[in-house]
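As you go down the protein sequences, you meet chains V, L, C and A in turn. Going from the first sequence to this note's numbering is simple: count from 1 and add 6. Going from the second sequence to this note's numbering is simple: count from 1 and add 6. Going from the third sequence to this note's numbering is simple: count from 1 and add 1. Going from the fourth sequence to this note's numbering is simple: count from 1 and add 1. A short worksheet on the structure shown next.
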Amino acid sequence: MAASRTSGRARPRGGRLTAGDERPSAQLTHAQRLELYYYMRLTRSLEERLVNLYRQTKVVGGLFRSLGQEADAVGSAYALDRTKGDFLSPLIRNLGSMLVQGAKPLEILRQYMAKGDSPTRGRELNIHFGDLERGFIGQISHLGDMVPVMAGVTLSFKMRGEDRVGLVYVGDGATSTGAFHEGINFAAVQRCPLVVIVENNGYAYSTPTSKQTAAASFADKALAYGIPGERADGNDVLAVYDVTKRAVDRARRGEGVTLIELLTYRRKGHAEHDNQSYVPPGEIERWERTNDPLDRYVKVLLDELGATRGELAAIDERVQSEIDAATELAEASPAPEGPDALRGVYADPPTMAPLWYREGIGSAVSQHERPAGWGTYHG
Amino acid sequence: MAASRTSGRARPRGGRLTAGDERPSAQLTHAQRLELYYYMRLTRSLEERLVNLYRQTKVVGGLFRSLGQEADAVGSAYALDRTKGDFLSPLIRNLGSMLVQGAKPLEILRQYMAKGDSPTRGRELNIHFGDLERGFIGQISHLGDMVPVMAGVTLSFKMRGEDRVGLVYVGDGATSTGAFHEGINFAAVQRCPLVVIVENNGYAYSTPTSKQTAAASFADKALAYGIPGERADGNDVLAVYDVTKRAVDRARRGEGVTLIELLTYRRKGHAEHDNQSYVPPGEIERWERTNDPLDRYVKVLLDELGATRGELAAIDERVQSEIDAATELAEASPAPEGPDALRGVYADPPTMAPLWYREGIGSAVSQHERPAGWGTYHG
Amino acid sequence: MAETTYLEAIRQALFEEMERDPNVFILGEDIGVYGGAFKVTEGLLAKFGEQRVIDTPISEAAIVGAAAGAAHMGMRPVCEMQFIDFISCAYDMLTNYVATARYRAFLPCPIVVRGPSGGYVRGGPFHSQNPEAAFLHTPGLKIVYPATASDAKGLLKAAIRDDDPVLYFEHKYLYRRIKEELPEGDHVVPIGKARLAREGRDLSIITYAATVWKALEAAEQLEKEDGLSVEVLDLRSLLPMDDEAIIATAKKTNRVMIVHEDTRTGGVAGEVTARLNEHAFEWLDAPILRVTAADVPLPYAPPLEDYVLPQTSDIVTVARRLAAY
Amino acid sequence: MAETTYLEAIRQALFEEMERDPNVFILGEDIGVYGGAFKVTEGLLAKFGEQRVIDTPISEAAIVGAAAGAAHMGMRPVCEMQFIDFISCAYDMLTNYVATARYRAFLPCPIVVRGPSGGYVRGGPFHSQNPEAAFLHTPGLKIVYPATASDAKGLLKAAIRDDDPVLYFEHKYLYRRIKEELPEGDHVVPIGKARLAREGRDLSIITYAATVWKALEAAEQLEKEDGLSVEVLDLRSLLPMDDEAIIATAKKTNRVMIVHEDTRTGGVAGEVTARLNEHAFEWLDAPILRVTAADVPLPYAPPLEDYVLPQTSDIVTVARRLAAY
Ligand SMILES: Cc1ncc(C[n+]2csc(CCOP(=O)(O)OP(=O)(O)O)c2C)c(N)n1
Ligand SMILES: Cc1ncc(C[n+]2csc(CCOP(=O)(O)OP(=O)(O)O)c2C)c(N)n1
Ligand SMILES: [Mg+2]
Ligand SMILES: [Mg+2]
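See below:
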């Protein structure tokens with residue numbers, strides 16, 4: 007996989023031509039460049055903290071890492087315009103995207119620890135949560151389903167003439183689902199302002215991409231939907247930003263959907279329990295050594311973009327203290343209370359009635375008081 | 007749409023290259039060429055007979071026509087090798103394919119009239135039936151579902167090392183379904199000996215292809231699955247035969263799936279009740295006048311392939327008398343008997359018990375004979 | 002005033018709600034120029050334009066998913082399934098995404114999914130389904146299934162205004178076969194309330210959709226031939242179910258039968274039986290009896306379909322047994 | 002002999018059936034090299050090779066559809082859903098294509114679809130589902146849901162040999178928590194027969210899957226603390242359901258409760274109640290009571306999950322009410 011920093015169309019023949027050589031990242035201010043670093047570092051460090059908590063059995067359920075994919079998540083989300091109300095739908099490895107979009111470490115920690123004051127009040131796992139205000143939407147586990155949903159979100163932007171764009175992520179594995187296909191096709195026909203990013207990290211759980219599709223590249227799938235397809239180095243945060251920004255601009259101009267394939271690599275297992283026995287020896291180490299997105303960006307920042315070691319160290323420190331503070335708060339958070347489980351299934355009724363044998367309320371049995379024995383009762 | 011008789015790849019970039027210029031139809035014998043004509047004529051005339059029966063209200067339910075698409079159905083099915091046990095899965099407009107594969111007019115007529123001795127004993131509609139012996143499989147209404155099923159049929163050919171090939175049809179509309187996508191992707195990854203034909207007849211019910219997909223051509227979708235994509239004039243029976251035969255040969259050689267787009271046109275409505283008000287004026291007439299597959303083939307047969315008017319007239323006559331004979335038999339066929347509806351839901355039990363109030367059998371009610379009143383009964 | 006068919010009542014509801022609320026839009030296959038396979042949406046494109054009457058690709062999961070996404074953003078989408086049988090293709094989207102959106106993510110998801118349902122029309126196994134039981138089991142969804150033109154209109158209007166996702170099943174056998182004068186004005190029928198279709202004293206038939214009419218037919222015959230006074234309760238809403246109404250009728254007549262067109266095992270009748278058993282056990286003078294379709298895919302040929310589906314004569318037979326118990 | 006876990010029993014069944022019949026093959030996501038998300042298929046790739054242990058793309062509809070196609074041609078495919086929650090993506094394929102294949106087209110369709118089901122494991126709304134009720138309503142399918150290691154093995158072998166499509170739900174909470182000595186030899190448990198898990202005289206608990214163990218726990222407590230003799234019937238097969246067994250236990254104890262982990266409305270308990278009501282009404286000395294999950298999506302945090310799912314103490318509470326009725 008390419009380690010070069012330039013991005014471009016997978017194949018010149020992939021869909022309609024686009025202006026593929028602009029580098030919007032050249033316009034980023036120094037502060038913004040450092041902010042990219044901040045989010046990448048925050049993603050990595052927060053996950054490392056989660057690993058600690060996981061080992062202390064304070065995390066409920068599995069732990070999913072995006073180690074090595076931070077550039078992909080952060081660079082793409084950063085291309086959205088939060089002031090305009092752009093919207094994204096993250097996946098399990100898009101912690102970085104959510105942070106960019108405004109999710110807080112405290113929220114993430116509370117979610118993973120199933121706390122009562124977590125964003126879902128303990129109802130859903132890990133980073134499965136959203137916020138319409140900040141513009142991200144909670145995924146469900148069923149892969150591919152968020153594509154039709156984001157087609158609808160962006161359809162509403164179009165219908166209302168709003169100047170907003172949506173971004174939806176899918177893994178290489180999720181491209182095989184019917185929902186992905188139906189959703190992207192629907193959005194393409196409707197020319198919804200939507201960017202679809204395929205995060206090609208080499209694996210779906212244990213399944214290598216060669217068993218997921220016979221296509222030469224995921225960007226090639228764009229042609230099937232009559233939309234532009236691009237491909238970029240997912241471990242180069244500026245290349246990711248560039249390719250996504252171009253697609254976002256295109257969407258904002260009313261030119262419809264773009265499919266982007268980001269080439270990256272999942273250095274950890276599917277979840278923390280997965281020992282990656284199926285990975286060829288040396289592959290992980292090679293990516294770690296030669297293609298770590300943070301290492302690479304640090305080098306670019308220092309060598310080409312005039313950042314100083316001091317600036318980066320200060321960010322590292324800030325990240326650490328933010329995580330420490332959030333951890334302390336999160337650990338002190340209360341667990342949810344059982345009966346809260348009955349609230350909010352519906353808007354109306356707002357609460358489900360408790361089961362009669364739980365709350366000692368008027369039970370089915372105690373209501374049996376037919377007055378007139380077995381005769382007919384008119385009442 | 008192309009009226010030329012040559013076929014070829016939609017775009018040179020569509021998937022892997024294939025030997026696209028062979029014309030296997032050059033190998034067909036005179037008798038085979040006349041047989042192609044026979045099946046096309048049989049398809050058309052049989053449907054015309056069905057229209058008569060429909061108007062006499064002898065057809066139960068809707069009537070679906072393939073007028074103008076006979077070359078597509080017949081030419082493609084003809085490329086299979088029935089002596090080897092090749093297999094196809096037809097759609098509602100593939101009456102011609104089924105006839106080639108061995109379905110009989112009598113069966114079709116009985117199906118449409120919901121007769122008790124029809125192939126499904128009156129359980130299913132129109133041409134929704136199959137026969138494992140002759141190698142065709144009954145579709146269900148849910149579009150796209152036959153693609154995964156045929157992936158499995160052909161997977162079994164591969165697993166058992168059988169020298170057999172499968173062919174599955176989908177409409178332009180059905181390509182939008184999740185099932186189509188999942189099935190063709192699965193087959194492509196498994197390199198199943200499968201040919202997938204997209205019959206692009208311009209419409210899905212009332213929906214033009216422009217609202218079905220933004221792709222420039224359906225053959226382009228092949229690239230998304232890493233398989234060869236070809237496109238041919240679906241109203242030229244020999245071109246259809248050629249393009250299909252090449253794909254069948256490829257599949258038989260173990261080279262996996264091919265996606266073929268056949269360009270044709272649905273001259274009748276979705277079903278007989280549809281008045282086609284959504285069709286631009288003149289479009290139907292133009293296709294009828296300039297691009298009727300039977301007219302075109304007759305001309306080729308007479309002008310280029312040395313057939314005589316007498317030969318064709320004899321076939322027409324044979325077709326007519328076959329249909330007449332079949333109609334007479336079909337009309338005389340009995341309707342199914344109600345209780346047959348309970349048989350064969352399962353292999354075991356072979357029959358569902360009739361509902362108690364129907365057959366006067368031991369009813370729930372009459373079994374209520376608790377001996378000891380309301381005391382406890384130990385028995 | 003003129004009488005309005007069940008089908009026309011549905012169109013009226015769509016029309017009025019689209020006029021009332023610019024957030025209401027409709028999407029589905031062939032609903033625009035063509036006006037839908039049954040012409041339910043005829044005229045809506047001309048009136049409301051392509052932005053609000055969207056012809057979609059053949060993608061039920063995308064239709065429902067896109068509706069959900071738009072609903073999160075404040076829209077009120079109404080999805081048409083060309084035949085309700087195809088709702089099965091959106092089963093994941095409905096049960097996992099839509100039904101749980103509010104609960105797990107506090108997302109509003111006010112969508113309506115509607116489509117022609119039911120048999121008695123020689124549609125065969127894939128154009129005659131009654132999918133209500135498959136969804137009854139999904140907290141987060143609401144389900145309605147009107148039997149009259151008035152309810153068809155009023156419940157659709159309620160469904161569109163409801164802040165929860167609603168499956169609205171419409172019976173295609175009733176489309177043009179029944180009509181009535183509709184109440185004037187903004188006619189909304191609350192979700193969750195059953196309708197007493199006929200009062201009676203001797204036994205109760207609890208039912209919904211097309212079999213309401215068969216039950217009424219049977220009731221009349223039983224009155225005439227047997228002097229029996231039969232109550233018919235039309236559930237209308239299946240989720241939530243009107244417990245009060247089913248309990249009241251059971252307590253009143255002490256003999257209950259449940260009639261539905263859907264197959265027997267796992268059908269709605271089981272749930273009704275369980276609830277009555279829990280809440281009115283001692284009032285029951287006889288077992289609750291079910292009249293339903295047989296447990297087979299619905300076959301196409303008229304004698305087969307007639308044999309499988311519940312008929313008026315079945316209701317009469319069972320009612321007589323029940324009355325004599 | 003050594004004791005075998007529920008999970009190992011499933012693997013043994015797969016292994017033995019693949020050895021016995023070359024037409025048996027398995028397909029699903031990550032079942033090959035990785036051995037499946039729960040390692041149920043570990044070792045099968047090494048033994049049987051890539052042709053018979055197929056890692057598929059993430060495409061549940063294609064997995065089931067392809068299995069059906071291969072089954073028509075004489076194969077005996079066993080599909081794994083990585084979590085049974087994803088079976089919803091194959092809902093159309095299962096209910097429309099697979100379930101009707103024999104009926105409408107005389108096509109043999111002997112497939113098995115299996116996968117880890119059920120809660121009590123902090124899996125949240127999409128890794129804890131019990132989908133049995135959604136399929137109970139589909140003639141043409143068979144459904145089994147074993148509670149013991151012995152049944153896990155014997156029912157899977159029966160399912161693979163069955164000429165009809167079988168949904169085989171396995172409870173992930175039981176995978177490694179229960180074990181027992183398995184019968185030697187070719188251990189096949191017939192589909193359609195319930196298992197008397199405990200004999201009793203005073204009341205009956207009808208249940209299946211993980212709650213069988215909770216019912217047994219409750220029964221013991223009730224015996225010790227209340228001197229009650231509680232019968233526990235493990236349905237094992239939900240479709241077809243063992244009417245004889247449920248009727249027999251109802252007639253014996255005259256007091257029945259039904260326990261399932263699945264949500265209440267539209268769950269299997271309704272069907273059981275309806276059948277008992279039809280066939281044993283006069284033997285019932287008390288209403289049939291249900292202990293089930295509350296009607297909400299299953300939440301993830303332990304206090305929430307525990308609150309929603311049925312617990313042993315619930316069974317005890319309800320049993321006491323039932324006994325005292
Ligand atoms: C429809 C569906 N089937 C199966 C699963 C189980 N599952 C969860 S994650 C996963 C692999 C996903 O791979 P990919 O899409 O490449 O994303 P990645 O984990 O690599 O980011 C699978 C099979 C699921 N969540 N949804
Ligand atoms: C999943 C699904 N959704 C909707 C339908 C209803 N329907 C039947 S045929 C049809 C149009 C099919 O168009 P196309 O695939 O182009 O085939 P054609 O009729 O043109 O041959 C539709 C929408 C269906 N059968 N299946
Ligand atoms: Mg991946
Ligand atoms: Mg078409």
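Built from N, CA and C at the ideal position, the CB exists for glycine as well. Note that the coordinates shown come from a computational prediction; the quantities given were computed from them, not determined experimentally.
For this session: Output yes if chain A places a C-beta closer than 8 Å to the C-beta of VAL351(V); else output no.
Result: Within the first sequence, residue 351(V) is the residue found at index 345, counting from 1. The beta carbon of VAL351(V) sits closer than 8 Å to some beta carbon of chain A.
Exercise. Is the Cβ of TYR175(V) closer than 8 Å to any Cβ of chain A?
Worked result: The residue given as residue 175(V) occupies position 169 in the first sequence. It does not; no Cβ of chain A falls within 8 Å.
Problem set entry | Span of the alpha helix (DSSP H), counted from its first residue to its last, around ALA198(C) | On the third sequence, residue 198(C) is found 197 positions in, with the first residue counted as 1. That residue, ALA198(C), is in no alpha helix (DSSP H); its beta strand (DSSP E) goes 196 to 199.
Exercise. Would the beta-carbon of TYR209(V) be found less than 7 Å away from any heavy atom of ligand 3?
Worked result: Your numbering for residue 209(V) matches position 203 in the first sequence. TYR209(V): yes, Cβ under 7 Å from ligand 3.
Exercise. Name the DSSP bridge partner or partners of ASP235(A)?
Worked result: Position 234 of the fourth sequence holds residue 235(A). The partner list for ASP235(A) (beta bridge, DSSP) reads ARG196(A) and THR208(A).
For this session: Measure the alpha-carbon distance for ARG71(V) versus THR6(C) and round it to whole angstroms.
Result: On the first sequence, position 65 is the one that residue 71(V) refers to. On the third sequence, position 5 is the one that residue 6(C) refers to. Taking the straight line joining both Cα atoms gives about 58 Å.
For this session: Kindly indicate which residue of ASN206(V), ILE203(V) and THR219(V) has the alpha-carbon position closest to the one of ALA194(L).
Result: One-based indexing of the second sequence puts residue 194(L) at position 188. The shortest C-alpha separation from ALA194(L) is found at THR219(V).
For this session: Starting from the C-beta of VAL54(A), find all residues in its chain whose C-beta is less than 6 Å away, skip the five residues before and the five after it, and write them out in chain order.
Result: What you label residue 54(A) is simply residue 53 of the fourth sequence in a count that begins at 1. Excluding sequence neighbours, VAL54(A) sits near ILE27, GLY33, LEU45 and LEU46.
Problem set entry | Coarse secondary structure for ASN206(V), derived from DSSP in three states | Position 200 of the first sequence holds residue 206(V). Strand.
Exercise. Who are the Cβ neighbours of GLU188(V) in its own chain at under 7 Å, not counting the five residues just before and after it?
Worked result: Numbered from 1 along the first sequence, position 182 holds the residue referred to as residue 188(V). Closer than 7 Å at Cβ, skipping near neighbours: PRO154.
For this session: Ignore the nearest five residues each way along the sequence and tell me which others in VAL171(L)'s own chain have a CB closer than 6 Å to its CB.
Result: What you label residue 171(L) is simply residue 165 of the second sequence in a count that begins at 1. Once the five neighbours on either side are set aside, the close Cβ partners of VAL171(L) are ASP92, PRO199, VAL254, ALA257 and ARG258.
Exercise. Which residue's Cα is closest to the Cα of ASP301(V): ASN241(V), HIS276(V), GLY262(V) and SER103(V)?
Worked result: Within the first sequence, numbered from 1, the residue matching residue 301(V) stands at position 295. The closest CA to that of ASP301(V), considering only ASN241(V), HIS276(V), GLY262(V) and SER103(V), is found on ASN241(V).
For this session: Please confirm if the region 297 to 315 of chain L is in contact with the region 265 to 276 of chain C, defined as three or more CB-CB distances below 8 Å between the two stretches.
Result: no
Problem set entry | Any C-beta of chain L under 8 Å from that of TYR301(C) | To locate residue 301(C), count along the third sequence from 1; it is residue 300. For TYR301(C), the closest Cβ of chain L is nearer than 8 Å.
Problem set entry | Minimum Cβ-Cβ distance from ARG99(L) to chain C less than 8 Å | One-based indexing of the second sequence puts residue 99(L) at position 93. By this cut-off, ARG99(L) is not an interface position.
For this session: List the residues of chain C that GLY124(A) touches, going by C-beta distances under 7 Å, in chain order.
Result: Translated into the one-based positions of the fourth sequence, residue 124(A) becomes position 123. Neighbours of GLY124(A) on chain C: none; closest Cβ ~13 Å, over 7 Å.
Problem set entry | DSSP bridge partner residues for TYR118(V) (one or two, in chain order) | Taking the first residue of the first sequence as position 1, residue 118(V) is located at position 112. In DSSP, TYR118(V) forms no bridge with anything.
Exercise. Opposite PRO111(C) in the DSSP bridges: which residues?
Worked result: The count along the third sequence starts at 1 and reaches residue 111(C) at position 110. DSSP, once it has assigned bridges, lists no residue as partnering PRO111(C).
For this session: Work out the CA separation of PRO356(V) and LEU115(L) for me, nearest whole Å.
Result: The sequence position of residue 115(L) within the second sequence is 109, counting from 1. The sequence position of residue 356(V) within the first sequence is 350, counting from 1. Whole-angstrom Cα-Cα distance: 57 Å.
For this session: Answer with yes or no whether the minimum CB distance from TYR92(A) to chain L is below 8 Å.
Result: Locating residue 92(A) in the fourth sequence gives position 91, counting from the first residue. Chain L, which has no Cβ nearer than 8 Å to the Cβ of TYR92(A), makes this no.
Exercise. What are the residues of the region 221 to 235 of chain V that lie near chain L, defined by any Cβ-Cβ distance shorter than 7 Å?
Worked result: ALA221, ALA222, ASP226, LYS227, LEU229, ALA230, TYR231, GLY232 and ILE233
Problem set entry | Per-residue burial, THR89(V) [other beta carbons within 10 Å of its own, 16 or more giving buried] | For the purposes of this step, residue 89(V) is taken as residue 83 along the first sequence, with counting starting at 1. Exposed.
For this session: May I ask you to list, following chain order, the residues of the region 180 to 200 of chain V that have a beta carbon less than 7 Å from some beta carbon of chain C?
Result: Listed by position along the chain: GLY184, ALA185, GLU188, GLY189, ASN191, PHE192 and VAL195.
Exercise. When the Cβ atoms of the region 116 to 124 of chain L are set against those of the region 72 to 79 of chain L, are three or more pairs found closer than 8 Å?
Worked result: The region 116 to 124 of chain L is not in contact with the region 72 to 79 of chain L.
Problem set entry | contact_flag[the region 309 to 318 of chain C, the region 284 to 298 of chain C] where n(CB pairs < 8 Å) is 3 or more | yes
Exercise. Expressed to the nearest angstrom, what Euclidean distance is found between the alpha-carbon atoms of ARG369(C) and SER162(V)?
Worked result: What is shown of chain C runs 2 to 326, which leaves residue 369(C) out entirely.
Problem set entry | Nearest-angstrom Cα separation, counted from ARG77(C) out to LYS225(C) | Here residue 225(C) refers to the residue found at position 224 when the third sequence is read from its first residue. Here residue 77(C) refers to the residue found at position 76 when the third sequence is read from its first residue. Approximately 48 Å, taken between the alpha carbons.
Exercise. Any Cβ of chain A within less than 8 Å of the Cβ of VAL66(V)?
Worked result: As a position in the first sequence, residue 66(V) is number 60, starting the count at 1. At least one chain A Cβ lies under 8 Å of VAL66(V).
Exercise. Tell me the DSSP bridge mates of ILE190(L)?
Worked result: As a working mapping, residue 190(L) is identified with position 184 in the second sequence. DSSP output for ILE190(L) lists no bridge partner at all.
Problem set entry | Listed by chain order, chain A residues near GLY144(L) by CB distance under 8 Å | Working through the second sequence from its first residue, we reach residue 144(L) at position 138. Ordered by position in chain A, the residues that pass the 8 Å Cβ test against GLY144(L) are ARG105, ALA106 and LEU108.
Exercise. For VAL315(A), which residues from the same chain have a beta carbon less than 6 Å from its beta carbon, with the 5 sequence-adjacent residues on both sides left out?
Worked result: Translated into the one-based positions of the fourth sequence, residue 315(A) becomes position 314. Strictly speaking, residue 315(A) in this sequence is Asp, with Val absent from that position. Excluding positions up to five away in sequence, the list reads VAL292.
Exercise. Going by DSSP, what residues sit across from ALA294(C) in a beta bridge?
Worked result: As a first step, residue 294(C) must be located in the third sequence, where it is residue number 293. In the DSSP output, where bridge partners are listed per residue, ALA294(C) has THR264(C).
For this session: Would you please verify whether the beta carbon of LEU275(A) is less than 8 Å from any beta carbon of chain C?
Result: Stepping through the fourth sequence from its first residue, residue 275(A) is reached at position 274. Contrary to the premise, residue 275(A) reads as Ala rather than Leu in this sequence. At least one chain C Cβ lies under 8 Å of ALA275(A).
For this session: Decide yes or no for the touch test of the region 170 to 181 of chain C against the region 194 to 208 of chain C: beta carbon pairs closer than 8 Å, at least 3 of them.
Result: no
Exercise. For VAL317(C), which residues of its own chain have a beta-carbon under 7 Å away from its beta-carbon, when the five flanking residues on both sides are left out?
Worked result: Position 316 of the third sequence, counting from 1, holds the residue named residue 317(C). Contacts found: ALA219, GLN222 and LEU223.
For this session: Confirm the yes/no value for this check: CB of ASP178(L), any heavy atom of ligand 4, distance under 7 Å.
Result: What you label residue 178(L) is simply residue 172 of the second sequence in a count that begins at 1. Indeed, a heavy atom of ligand 4 lies less than 7 Å from the Cβ.
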